[in-house]
Amino acid sequence: MLYQERENYILQQLQLQATVKVSDLSRQLRVSVDTVRRDLKNMEQSGLIRCVRGGACLPESRMLFSDFTGREIVHSDLKRAAARKVLAHIQEKDVVALNSGTTNTIVAQEMVAAGLNCTVVTNNCAALNVLLQSASIRTIAIGGLLDPQERSTYGSLCEQDFAQFHPDVVLLSINALNYKDGYTDFRMNEVGIIQQLAASGRKVIAVMDSSKLGQCSKRKVLSAEQVDFVVMDDNIAPEIREKYNKKGIRIL
């Protein structure tokens, strides 16, 4: 197997799981441990991966765990591609729940631009500012404590307010996904809200850009069974989609 083929295989494995081990790659690729280590070093120098003890992981973007303003500008084109795709799953007069996050703020922008006729329930203050521009979207703001960094509300009052609704569609902006750990996030204030919405929604959709695939964040928030499917941009190889599908995670 040529180096380029090994590189592609390693990158595919990292889209499935947060880390890969040198020993596993050596067995899977049928090459020596030294060859794998050399490949990983070359890939790290090219900025494709980050070497860790005994293996490698995807390079952790400095923006992955930054505040809302920092994440807002990262992969915005991919987020918008996912946001546009998810509109097809919203029917007229649906009640749609949005949690906080930059991706759902872009979803709100696309909903307004498309002139959707529906009701949106959200704790996402940035999305609220966008939804105010629509004459056809009825917007319900969820109260609670204010998180200025995430531009959202949170806390027990927020979760209790969300619990009063059984949305037709729940659109979840989540920080990371891999097929071993499921859905993970670093926003501790948002965990209870995500779990509440996943439990009460008739259709639960994770809206994420493809850069979050293969990543693992600070805390597990949902398992594969709690989300009906994932809507992402199209920068995902068919074989990766198929492998996630076999793990019960359907990516559209």
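Per my numbering, residue -9 is the first one in the sequence shown, and the count goes up by one each step.
Just so it is clear, CB atoms sit at the ideal spot from N, CA and C, and this is done for glycine as well.
Model, not experiment: these values are computed from the prediction.
Could you check what DSSP says for Tyr144 in three-state terms: helix, strand or coil?
-> Strand, per DSSP.
Could you say if the segment 24 to 31 and the segment 65 to 74 meet the contact criterion of at least three C-beta pairs nearer than 8 Å?
-> no
DSSP three-state call for Phe219: helix, strand or coil?
-> strand
Cβ-based neighbour list, Val217, same chain, cut-off 8 Å, excluding 5 preceding and 5 following = The residues are Leu162, Tyr173, Ala188, Val194, Ile195, Ala196, Ile239.
Count the other C-beta atoms from every protein chain shown that fall within 10 angstroms of the C-beta of Ile224, then say buried if there are 16 or more, exposed otherwise.
-> The amino acid at residue 224 is misidentified as Ile; the sequence shows Asp. Exposed, because fewer than 16 other Cβ atoms sit within 10 Å of the Cβ of Asp224.
Run of the beta strand (DSSP E) containing Val42, from where it starts to where it stops = Unbroken beta strand (DSSP E) run through Val42: 40 to 42.
Can you give, in chain order, each stretch of the alpha helix (DSSP H) that sits fully within the segment 5 to 36 and has at least 4 residues?
-> 12 to 19, 23 to 35
Residue from Tyr169, Leu212, Asn114, Lys170 with nearest C-alpha to Gly182 | Leu212
Which class does Gly172 belong to by DSSP, given the choice of helix, strand or coil?
-> strand
Check the DSSP bridge columns for Asn211 and list the partner residues they point to.
-> In the sequence under discussion, the amino acid at residue 211 is Val, which differs from the Asn named in the question. Paired residue(s): none; Val211 is not in a bridge.
For Asp137: DSSP bridge partner residues | Ser142
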